[in-house]
Amino acid sequence: MLDTREGERAVYRLVRARHRSTLDMEHTKIVKRADGAVLRRSGQVLERWRECYNHLCDGEFCHPPIPTVPSVEGPVLPITVVEVSAALAKMKLNKATCPDDIPADFRKLLGDRGSVWLATLFNKIVAEGRTPDFWQTSMTLPVWKGKGDLADCASYRPIRLLCHTMKVFERVLEGRLRKIVSVSLNQCGFVKDCSTIDAIHAVLILLEKH
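The sequence shown begins at 208 in my numbering and counts up one residue at a time.
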């Protein structure tokens, strides 16, 4: 079968089909409303995406009240070049940019000069108590999950693109917080080298035993 001309064509068709199945959806021209009605006009499609993600991001979940503790007041130590360089070293390359269109690669290519410039900027932000306006904006892109109805907004995972300079600033603050805040050993989510899967597996074992 494979030695024939028709066999070769069948193999090529299979390879092309498998390759297409691994590609991300670049865009979808139609979406469905919550009631299942199909929207085709660009304005209606954009409004549907906005409605969907507003509902997803603005939803409140039941959680216990956060206890009130006395605030720790004192002088804020200046952000150092060493802290900025350490934060830059953790930034990944070849990532999408938005909204200032400046990638993390550019900051790294500047070397020590870039770290000095960013340290100066961050210290000014801390002193003034205000961040740049474009740090408050982002671009949300829907990425298809690889399954489900292509016209259903729920079949897409929202990816939010933020300013890379702001991410460096956040990493500097995170580094400081981790030095003064202790995380419980029972905390599994959002902890490096610790997965919630292990905790779920432990709970299942306890349920089976008891």
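From the three backbone atoms N, C-alpha and C, an ideal C-beta is built for every residue, glycine too.
Nearest residue (CA-CA) to residue i, options the options
| i | options | result |
| --- | --- | --- |
| Cys-305 | Leu-368, Pro-349, Ser-402 and Leu-325 | Leu-368 |
| Met-346 | His-262, Val-238, Ala-361 and Arg-257 | Arg-257 |
| Val-252 | Arg-240, His-262, Leu-263 and Cys-269 | Arg-240 |
| Asp-308 | Val-289, Asn-330, Ser-278 and Thr-344 | Thr-344 |
| Arg-364 | Leu-414, Cys-395, Tyr-260 and Glu-213 | Tyr-260 |
| Asp-405 | Leu-413, Cys-395 and Leu-414 | Cys-395 |
| Pro-285 | Val-323, Pro-310, Gly-243 and Ile-237 | Val-323 |
Residue i and residue j closer than 8 Å at C-beta
| i | j | result |
| --- | --- | --- |
| Ala-326 | Thr-287 | yes |
| Val-333 | Val-388 | no |
| Ile-366 | Leu-392 | no |
| Arg-255 | Leu-263 | no |
| Asp-319 | Leu-300 | no |
| Cys-370 | Trp-342 | yes |
Beta-bridge partners of residue i, as assigned by DSSP
| i | result |
| --- | --- |
| Val-245 | Lys-239 |
| Trp-351 | Tyr-363 |
| Cys-401 | Val-398 |
| Leu-368 | Met-346 |
Helix, strand or coil at residue i according to DSSP, with G and I counted as helix
| i | result |
| --- | --- |
| Met-298 | coil |
| Leu-411 | helix |
| Ala-406 | helix |
| Arg-337 | coil |
| Gly-281 | coil |
| Asn-261 | helix |
| Leu-209 | Legend: pLDDT at Leu-209 = 49, less than 50; position of this residue unreliable, value from coordinates given subsequently. The answer is coil: DSSP assigns Leu-209 none of H, G, I, E or B. |
| Ala-326 | helix |
Checklist entry - Are the segment 292 to 311 and the segment 373 to 384 touching, with three or more C-beta to C-beta distances below 8 Å? => result Output reads yes: the segment 373 to 384 touches the segment 292 to 311.
Next on the checklist: Is it the case that the segment 328 to 346 contacts the segment 398 to 405, given that we only count it when at least three CB pairs across the two stretches are under 8 Å?
Outcome noted: Verdict: no, contact absent.
Checklist entry - If you pair each beta-carbon of the segment 378 to 385 with each one of the segment 354 to 370, do three or more pairs fall below 8 Å? => result No, they do not touch.
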